[in-house]
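What follows is a short report on a single structure.
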Amino acid sequence: MQKYRSEASLVVQYSVDLSPGGKHLRVWQLGFRTDFGLAGMVDPFDMVGLIELVLAHGFRTDPNYPGVEKLNIVKPMPAWLETPYKPLPVLDPNGGWLTSLMCVECLMLVAFSPVPGTVSTATVFALTQGGDEQIAPFSIAYVKGWRRALACLICCEGVRSLGLSTDELTSDFKASLQLIHGSVCKFSTSKEAVFASRGATLSQTSTRRPPNAMNFMRQLEILKKSGETAEWDNAAAVARAFSIGPKESAAVSNLQAHVSPTVTELLKEATRGRGMRLWITHDMLAREMFNLTWSSGQSGPLCAWVVELTNKPDDKLARLFIRRLTSDWDRQPAGMKQCWTYKTALPVHAACGGFLAIMDRLQSSIPQADFQSVEQQICDQFAVGILDGDILHFLESTVPPADLKQVTFVRNTITTVENRAQRDAEEQERLLAEKVAAATADQVKRGQDFTKDFMEKRCKLVYADVADPMKGNFFPEIAKFVARAVVKHRRLLEDQLMNASLDVLWPVTLSFDKSQLSAGDKRAPWHPCLFVTASCHETSPWQDSHAAQTRTIGPCPLIRVADMLGFDETMKGVPAHAAILTSYLRGLSFGDGDVVVVADVLPNRHAEFGRAALERMLDGSGATPQMYYVGCLRPDQGDVKIAMEKVVYDDWDRSPTAPARSRPVEPQPDPNLLLLTWSNNSASFPDSVLQKFPEGTTARAEILELKRAFIEEFGESMTSTNQTSPGSQPALRRATGRPDFSIDGGAKPLDLARDLNLPLVASSDFSVQRKGYCASSRNKPAVVIGEDYSMWIGNETTEELKLECSEICGFNLGAYEEKAVTGLGESELSGICFRFPNDLALVSHERKCMSLAEYSHICCTVHGVASFELANHLMVQKQYPPASRFEEQTKPFWAEQGQEGLPVPYRFQVSPAANGKCNVFKPNVISSDSGAVRHATIGALYVGHMDKLPKTQSACTVWEVQLQTGSGTARIIGLKPKIFLTGALTLPPNTWAKVS
Numbered sequence: 001m002q003k004y005r006s007e008a009s010l011v012v013q014y015s016v017d018l019s020p021g022g023k024h025l026r027v028w029q030l031g032f033r034t035d036f037g038l039a040g041m042v043d044p045f046d047m048v049g050l051i052e053l054v055l056a057h058g059f060r061t062d063p064n065y066p067g068v069e070k071l072n073i074v075k076p077m078p079a080w081l082e083t084p085y086k087p088l089p090v091l092d093p094n095g096g097w098l099t100s101l102m103c104v105e106c107l108m109l110v111a112f113s114p115v116p117g118t119v120s121t122a123t124v125f126a127l128t129q130g131g132d133e134q135i136a137p138f139s140i141a142y143v144k145g146w147r148r149a150l151a152c153l154i155c156c157e158g159v160r161s162l163g164l165s166t167d168e169l170t171s172d173f174k175a176s177l178q179l180i181h182g183s184v185c186k187f188s189t190s191k192e193a194v195f196a197s198r199g200a201t202l203s204q205t206s207t208r209r210p211p212n213a214m215n216f217m218r219q220l221e222i223l224k225k226s227g228e229t230a231e232w233d234n235a236a237a238v239a240r241a242f243s244i245g246p247k248e249s250a251a252v253s254n255l256q257a258h259v260s261p262t263v264t265e266l267l268k269e270a271t272r273g274r275g276m277r278l279w280i281t282h283d284m285l286a287r288e289m290f291n292l293t294w295s296s297g298q299s300g301p302l303c304a305w306v307v308e309l310t311n312k313p314d315d316k317l318a319r320l321f322i323r324r325l326t327s328d329w330d331r332q333p334a335g336m337k338q339c340w341t342y343k344t345a346l347p348v349h350a351a352c353g354g355f356l357a358i359m360d361r362l363q364s365s366i367p368q369a370d371f372q373s374v375e376q377q378i379c380d381q382f383a384v385g386i387l388d389g390d391i392l393h394f395l396e397s398t399v400p401p402a403d404l405k406q407v408t409f410v411r412n413t414i415t416t417v418e419n420r421a422q423r424d425a426e427e428q429e430r431l432l433a434e435k436v437a438a439a440t441a442d443q444v445k446r447g448q449d450f451t452k453d454f455m456e457k458r459c460k461l462v463y464a465d466v467a468d469p470m471k472g473n474f475f476p477e478i479a480k481f482v483a484r485a486v487v488k489h490r491r492l493l494e495d496q497l498m499n500a501s502l503d504v505l506w507p508v509t510l511s512f513d514k515s516q517l518s519a520g521d522k523r524a525p526w527h528p529c530l531f532v533t534a535s536c537h538e539t540s541p542w543q544d545s546h547a548a549q550t551r552t553i554g555p556c557p558l559i560r561v562a563d564m565l566g567f568d569e570t571m572k573g574v575p576a577h578a579a580i581l582t583s584y585l586r587g588l589s590f591g592d593g594d595v596v597v598v599a600d601v602l603p604n605r606h607a608e609f610g611r612a613a614l615e616r617m618l619d620g621s622g623a624t625p626q627m628y629y630v631g632c633l634r635p636d637q638g639d640v641k642i643a644m645e646k647v648v649y650d651d652w653d654r655s656p657t658a659p660a661r662s663r664p665v666e667p668q669p670d671p672n673l674l675l676l677t678w679s680n681n682s683a684s685f686p687d688s689v690l691q692k693f694p695e696g697t698t699a700r701a702e703i704l705e706l707k708r709a710f711i712e713e714f715g716e717s718m719t720s721t722n723q724t725s726p727g728s729q730p731a732l733r734r735a736t737g738r739p740d741f742s743i744d745g746g747a748k749p750l751d752l753a754r755d756l757n758l759p760l761v762a763s764s765d766f767s768v769q770r771k772g773y774c775a776s777s778r779n780k781p782a783v784v785i786g787e788d789y790s791m792w793i794g795n796e797t798t799e800e801l802k803l804e805c806s807e808i809c810g811f812n813l814g815a816y817e818e819k820a821v822t823g824l825g826e827s828e829l830s831g832i833c834f835r836f837p838n839d840l841a842l843v844s845h846e847r848k849c850m851s852l853a854e855y856s857h858i859c860c861t862v863h864g865v866a867s868f869e870l871a872n873h874l875m876v877q878k879q880y881p882p883a884s885r886f887e888e889q890t891k892p893f894w895a896e897q898g899q900e901g902l903p904v905p906y907r908f909q910v911s912p913a914a915n916g917k918c919n920v921f922k923p924n925v926i927s928s929d930s931g932a933v934r935h936a937t938i939g940a941l942y943v944g945h946m947d948k949l950p951k952t953q954s955a956c957t958v959w960e961v962q963l964q965t966g967s968g969t970a971r972i973i974g975l976k977p978k979i980f981l982t983g984a985l986t987l988p989p990n991t992w993a994k995v996s
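For the sequence shown, the positions run 1 to 996 when the UniProt record's numbering is used.
Next up, the structure:
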């Protein structure tokens, strides 16, 4: 037992244990840990007041003084502890004087050394020698009095750290530390201790503050650890248990059940340093401002941004909101700090949500390097609140996703990036044009060199002057009448040939095939010819040819006059001359090294025989030995040489030896299933095909048989699935002239060719209460709209009805109204809004259903429009995201090929126009009492209930669109909405299927 003798020679006995009853304690025995009390935290401003009271009047615990209450103490209870607790050993001065103590939590307190042999006020802190037992240092926990004890310990630490002497302390302070009074109560459970701590006495009313939500959270955690099973996350249960008001209980309930643990810890930390009373109100917590799924855009002008202003599971918005609340409060001068309320915090939450939405859009809209260069500056400006006005104005005046150029603080950044991108694009176009020009010039030169060499060696064209006859040459004489009818001068021709020692005794008949020509074609079906050989040779090798042996050539193809290169009496068309040449070569035997020289001394106007010989030379089929052509042209046939040179150049340009030409990518036809698929440089079986055919169908059985045959040939490992394994390397692909659906997580339009496996109802069992009915007609099913606005389609015939993706019905005639609507126009119950959520939305064109992205492809490739708009919408072409967002093993093909940041083919970011307006089609009302109605009008029965239109995977509302061209930019406009079946469906006789 430790003893202390006061100046009045009274002996004070200090307690050696914490058994129930009154206790005399030393200051160093008081615990200071947060989890040694039931409050969990103390308001800093309240603590300052307590410290001032302790320094001025001492640490009062003697109940003999009016208004003073003992410390209500206990041993630390396991359910209270947040971290493990290990008691310090009992103090042992070891015959000397104890000067300081160091606790595990680094709080140091000092007990001052006494002067030996004296007892005075200067030594009231003395720890005397002797004694056998003591209460362990800092081992006392509190049911009541934790705040007061903590204030006393802080004062003692201040004395030690500042090095104050006892003479500088007030006598009340020093005297109060001689003996500390406490009372140990016996509690069987933590619940009893918690509720005992809530009892207030008259002496506490001047210094004790009412508990706040954070204090209740601490007490509820202790109760839960103790195994209490009450519904502490229920506001009514909390209110009854602690006898508190509805706001406090609702705040505690929300923190327990509806606020994420991360946000709760941030709120605790912020409150611990600022205090609940002057920083935040229970009203904010009670009205769910920090709850998951709560939004500051639930109503008012911000309702269009409700998704962006909602607290989400990632806690980004809630964490930013708390940082703004704390930083804004900390910046206020000490005397001007005001507590946050629901009303004052609401615009801050909206500004935080808008800021995150703007920054996410900005990051995805500009290159990462540009975003990083401005990110910190924008965040710093937002942190001090100077951007709130711009953000709130943007949110109130636009609808998502809106144009970021309407945001003042990012407009310059976006404009700069766009201008640079435009300059870079222009520079790329210039460089590309230079490369193309250089490549084209090189290609043209190589082609010209090849053409010149070929024409010099294989196809020699010379010009003959008919005014300068050569000696012994009959050509000038023949040339005089070659333009006239040859038949009239047959005798002259034969005489000239015989004078030249040529044999003219081999007549040949040239016949033509006129079966493909019209009956009005009056050209003769046959022509007489001469097979001329030299008389000086007994035999000519040409006599073995098919033409000479059969004395016939043909039938030769005779083309229309309109398809000829020109027309005169001598022209027969290049195909006919090719047949003549083939007939003379047919039947001849050629040895190695043999050549054929074709001398065309009298070519017709367009040298058709020469062109036929040239085509045979360029054909490369190897049917004849190497051939040479020599043509004797007249001066007026200069265009023939140019034309034949062009044929040679074009043939070289198509050959493998020529450089590759840049050509537009042709649309690829849909592959036959027998071709399977080709991926990773090998054949694979597309398992996704099986998903298109329901179980038990004949088509599925055929596909399974095809898969079995494939596995037998290639093995099980060659089957493919829709998902890529984590370790596989995606195959490189080339972008084609089609919309690229590999971005946005691979989201694709609805497969309109899939089979709809809908439950069928027999007509005998079909008893839906009908609001409207339309009989089947022209391969269209019967349509029934029920009283609950469900839609059914049926086959009332005795034959099976096979339906593809097609129109089910229309909405009657109506009128258009332009008005501002929010979202996708769900609130319009009497009309259908021309509004699309994205470019995967379905539209119809020429009675075919497709996605908006696919229709944009038609606008470019079929209509030849490079730039167009979507009425009542903003369309911005998407860009490939940065490759850094993907793991190395899962990089998409465009990231592998360095296409990040480039436009995605035929993919657009679609958003409503900045003014929020769109065209709303309002059908004329029809009466359901009129009995049967037509397919074109039955959809009007939904007027007043447009929210119940079909929106399933089987049927939905589709806008018929059209590309409007003319003056200005082309636009895609909406013509009329329809209801479409979005898949293939087979209806047996007398059956019905529900599509919505």
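Ideal Cβ placement from N, Cα and C applies to all residues, glycine included. A quick note: this is a predicted structure, and the numbers were derived from the prediction, not measured.
Pick from the options that is closest to residue i, judged by C-alpha positions
i: residue 851; options: 857, 924 and 843; result: 843
i: residue 597; options: 457, 516 and 547; result: 457
i: residue 220; options: 615, 860, 455 and 255; result: 255
i: residue 77; options: 59, 48, 36 and 69; result: 36
i: residue 992; options: 558, 863 and 757; result: 757
i: residue 382; options: 361, 399, 348 and 366; result: 348
i: residue 1012; options: 279, 836 and 934; result: What is shown of the chain runs 1 to 996, which leaves residue 1012 out entirely.
i: residue 877; options: 375, 355, 580 and 910; result: 910
i: residue 491; options: 782, 530, 514 and 460; result: 530
i: residue 599; options: 555, 586, 581 and 453; result: 581
Reduced DSSP category for residue i - H, G, I as helix; E, B as strand; rest coil
i: residue 942; result: helix
i: residue 333; result: coil
i: residue 1049; result: Any property of residue 1049 remains undetermined from this structure, which presents the chain solely from 1 to 996.
i: residue 805; result: coil
i: residue 606; result: coil
i: residue 552; result: strand
i: residue 314; result: coil
i: residue 710; result: helix
i: residue 865; result: coil
i: residue 854; result: helix
i: residue 428; result: helix
8 Å Cβ cutoff met for residue i and residue j
i: residue 922; j: residue 830; result: yes
i: residue 905; j: residue 739; result: yes
i: residue 528; j: residue 507; result: yes
i: residue 918; j: residue 833; result: yes
i: residue 71; j: residue 180; result: yes
Exposure label - residue i; buried when at least 16 CB within 10 Å
i: residue 629; result: buried
i: residue 386; result: exposed
i: residue 772; result: buried
i: residue 604; result: buried
i: residue 311; result: buried
i: residue 606; result: buried
i: residue 212; result: buried
i: residue 795; result: buried
i: residue 951; result: exposed
(message) Contact between the segment 354-367 and the segment 329-337 is defined here as three or more beta-carbon pairs at a separation below 8 Å; is this criterion met?
(response) no
(message) Under 8 Å, with one C-beta from each stretch per pair, do the segment 550-558 and the segment 513-521 reach the 3-pair mark?
(response) yes
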